[in-house]
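Since the structure comes first, as C-alpha cells, the remarks are kept for the end.
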Amino acid sequence: MGWPGRMTLSLLLVLVPMYLHGASLQKAGSAGQRKPFFERLRRLEEQFRSFQEVTLTQLKGIANNYNMSYDIDAQLQSLAEESQAVALTVNRSQAAIQGDLAHLKAWVRKTQHRSRKMDMRLQALDLALTEKTRQWVQAGKEQKTQRDVISGLALGTQALQDALVSLTHQVHSQGARLAALEGQLQMASPGTAAPGWTPAPTPAQPVHPGPLMLLTDRQDLAPHPTESREFTAHLLGTQKPPAPSSHWAPGGAAAVPRDPPQGSGEVCNLGPVFTFPDASPENVIFLSPSFLTALRALSFCSWVRTSSGHLGTLLSYATEENDNKVVLHGRDSLIPGSLHFVIGDPAFRELPLQLLLDGQWHHICIIWTSVQGKYWLHVDRRLVATGSRFREGYEIPPGGSLVLGQEQDSVGGGFDRSEAFVGSMSGLAIWDRALVPGEVANLAIGKELPTGAILTLANASWVGKFVQRANCTCLELCP
6 MGWPGRMTLS
16 LLLVLVPMYL
26 HGASLQKAGS
36 AGQRKPFFER
46 LRRLEEQFRS
56 FQEVTLTQLK
66 GIANNYNMSY
76 DIDAQLQSLA
86 EESQAVALTV
96 NRSQAAIQGD
106 LAHLKAWVRK
116 TQHRSRKMDM
126 RLQALDLALT
136 EKTRQWVQAG
146 KEQKTQRDVI
156 SGLALGTQAL
166 QDALVSLTHQ
176 VHSQGARLAA
186 LEGQLQMASP
196 GTAAPGWTPA
206 PTPAQPVHPG
216 PLMLLTDRQD
226 LAPHPTESRE
236 FTAHLLGTQK
246 PPAPSSHWAP
256 GGAAAVPRDP
266 PQGSGEVCNL
276 GPVFTFPDAS
286 PENVIFLSPS
296 FLTALRALSF
306 CSWVRTSSGH
316 LGTLLSYATE
326 ENDNKVVLHG
336 RDSLIPGSLH
346 FVIGDPAFRE
356 LPLQLLLDGQ
366 WHHICIIWTS
376 VQGKYWLHVD
386 RRLVATGSRF
396 REGYEIPPGG
406 SLVLGQEQDS
416 VGGGFDRSEA
426 FVGSMSGLAI
436 WDRALVPGEV
446 ANLAIGKELP
456 TGAILTLANA
466 SWVGKFVQRA
476 NCTCLELCP
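Just so we're aligned: 369 in the working numbering is position 364 of the sequence shown, and the numbers increase by one with no gaps anywhere.
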C-alpha cells in the first residue's frame with residue numbers, strides 16, 4: 006500500500022470514531038429535545054395557517070378592489086356615454102334655439118319694418134288731416150267773410166231802397182206843392198200864365214211802392230252770386246280758388262298745375278320690356294353691380310305701364326344698415342296712385358302719380374339732389390311736383406342690393422306679395438346726377454339716353470322665373 010492509501014486509511018480511522026461519538030451524542034440529545042421541536046413545529050404551523058388566512062384575506066381584498074375598479078370603469082364608461090348623449094342633446098337644443106332666434110330676429114325686423122311703415126302712414130295721415138283741417142278752417146273763414154259781405158250788401162241795398170222810397174215821397178211832395186203854387190198863380194192872373202211856366206196837369210196821387218214792387222226792385226239791385234264772390238274776393242284782397250287741375254301733394258311738395266294730356270306718339274327702340282304678370286314674391290329683378298360709389302344726386306327714369314289699382318314697388322335699394330335706403334313704393338300710400346319716395350328711411354315724400362293708373366304707357370322721371378334737398382317729378386315730359394329740404398346734404402352709401410318690382414325687408418330678400426309691382430317696365434335707367442328738363446323731354450319722346458347712366462336694364466343679373474321678357478320694336482306694339 007502506498008503513501009496515499011495509508012493517509013486515507015488513517016483519516017478514515019480518525020473520522021469514523023468521531024462520527025460514531027457524534028451520533029451517540031445526537032441520539033442522547035434528540036430524545037431530550039424532541040418535545041420542544043414539535044412545539045416549535047406546531048407554532049410554525051399555526052403561524053403558517055395565520056399567514057395563510059391573512060394572505061387569503063389580502064387576496065380577497067385585492068379581488069374585491071379589482072371588482073370595484075371594474076365596476077368604477079363600467080360606471081365611468083356609462084357616465085361618459087350619458088355625457089355624450091347630454092352634449093348631443095344640448096347641441097341639438099342650441100341649434101333649435103339658434104333657429105328660433107333667427108326666426109325671431111327676422112320676425113322682429115319685419116315687425117319693425119312694418120311699424121316704421123305704419124309710422125310713415127300715420128305721419129302722412131296726420132299731415133293730410135292737418136292740411137284738410139287748415140283748408141276747412143280757411144274755407145269756413147272765407148264763407149263767413151262772404152256771408153258777412155253779402156249781409157252787408159243786403160243791408161246796404163235795403164238802406165238804398167229805403168232812401169229811394171223816402172226820395173220818391175219827397176219828389177211827390179214837391180210836385181204837389183209846385184202844383185198848388187201854379188194854381189195860386191193862375192188864380193192871381195186868370196188870363197195869363199207866368200212867364201216861363203206852362204200849366205201843369207192835375208197832379209196824380211203819389212204812388213207808394215207795394216211789397217211786390219219792393220221785392221222786384223230788391224232783386225234787381227241784389228248782386229249776382231258770381232259777381233258777389235268776385236266782389237267779395239276783391240274787397241278781401243284774395244285770389245280766386247285754384248282751378249280743379251291744381252292740387253297740393255302731401256309732404257310739402259307743391260304740385261304744378263297739369264296741362265291737358267299730350268300723346269306720347271310712337272316710342273321705339275327702347276330695348277327689352279319686362280312684364281311682372283302677378284304679385285308673386287318671385288317676380289323680382291336684381292341689378293348688379295349696384296351703386297359702386299356714394300351718391301349725392303340720383304335720377305331714375307323709366308317707361309311704366311301698370312296692370313292693377315296700385316303702383317306697388319318700382320325700385321328698392323337696401324344695405325346692412327337700412328333696408329330702405331332708397332325706395333319708390335306706391336302700395337301703402339294714403340291716396341291711390343301716390344308714390345312714397347324714400348331716401349334713408351323714415352324720411353320720405355309723397356308724390357302724385359294717379360296718371361299711371363289708367364293702364365297705358367307713361368314716362369316718369371324722379372330726380373333728387375342733396376344740394377338744398379331739391380327733388381322733381383316729371384310725368385310724360387311735364388313737371389308734376391317739386392320741393393326742397395328733402396335729405397339735404399345726405400349721401401346714399403354704395404355696396405347695397407338693388408332690385409326692381411319688390412321691396413326688400415332684408416338685404417336681397419324679405420319680399421311680400423302686398424308690396425309687389427304688377428305691370429311692365431322698359432327703357433329704365435339711373436344716373437348719379439340730376440338730369441335737366443331738356444334731357445327728360447328727350448327721354449319722353451324716345452331719343453337717346455343722356456350720357457353718364459350708371460345702371461340700365463342691361464345690368465339685370467337675375468330675373469324671377471315668372472317675369473316675362475319681350476323685345477318690342479315700339480311700346481305700342483307690346484301686348
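Here a beta-carbon is modelled for each residue, glycine too, at the ideal position from N, C-alpha and C.
Source: prediction; values computed, not measured.
- Counted as a single uninterrupted DSSP element, the beta strand (DSSP E) harbouring Gly428 occupies residues 428-436.
- The Cβ-Cβ distance between Leu344 and Leu356 falls below 7 Å.
- Shown here, Tyr71 sits in a helix according to DSSP, grouped into three states.
- When DSSP assignments are scanned along the segment 273-311, the uninterrupted stretches of beta strand (DSSP E) that are 3 or more residues long and fall wholly within it turn out to be 278-281, 290-292, 302-311.
- Ile401 has its alpha-carbon roughly 26 Å from the corresponding atom of Lys110.
- Trp467 and Cys306 have their C-alpha atoms spaced approximately 21 Å apart.
- When the five nearest sequence neighbours on each side are left out, the beta carbons in the same chain lying within less than 8 Å of the beta carbon of Pro455 are those of Trp436, Leu440, Glu444, Asn447, Leu448, in order along the chain.
- Nearest Cα to Glu412 within the set Ala90, Glu147, Phe426: Phe426.
- Between the C-alpha atoms of Thr135 and Glu147 there is a straight-line separation of about 18 Å.
- Judged by DSSP in its simplified three-state form, Phe43 adopts helix.
- Straight-line spacing of the CA atoms in Ile450 and Trp112 works out to 46 Å.
- Burial check for Arg354: the Cβ neighbour count within 10 Å reaches 16 or more, so the residue is buried.
- Residue state for Ala100 is assigned as helix, using DSSP reduced to three classes.
- Contact between Pro282 and Asp421 fails: their C-beta atoms lie close to 17 Å from each other, not under 8 Å.
- Contact between the segment 320-333 and the segment 388-408 is established, with three or more Cβ pairs separated by less than 8 Å.
- Note on geometry: alpha-carbon atoms of Leu300 and Phe346 lie some 16 Å from one another.
- Here Ile77 carries a helix assignment [DSSP, helix/strand/coil].
- Looking at the backbone, the Cα of Ser375 and that of Val272 are separated by about 32 Å.
- Linking Glu453 to Ala463 through their CA atoms gives a straight-line distance of about 15 Å.
- Considering only Ala129, Gly410, Lys65, Ala92, the residue with the shortest C-alpha distance to Ala284 is Gly410.
- Taking Arg114 as the centre and dropping the five residues before and after it, the same chain places the C-beta of Asp414, Ser415 closer than 7 Å to its C-beta, in chain order.
- Listed in chain order, the non-local C-beta contacts of Ser295 below 8 Å within the same chain comprise Tyr322, Pro403, Gly404, Gly405, Ser406, Leu407, Leu460, local neighbours out to five positions each way being set aside.
- Rounded to whole angstroms, the separation of the alpha carbons of Val59 and Lys65 is 10 Å.
- Boundaries of the alpha helix (DSSP H) harbouring Glu444: 442-449, taken from the DSSP string.
- Around the beta carbon of Glu44, fewer than 16 other beta carbons lie within 10 angstroms, which makes this residue exposed.
- DSSP places Gly314 outside both helix and strand once states are collapsed to three, so it counts as coil.
- Residue range 458-461 is occupied by the beta strand (DSSP E) that includes Thr461.
- Pairing His367 with Arg310, the inter-Cα distance amounts to about 6 Å.
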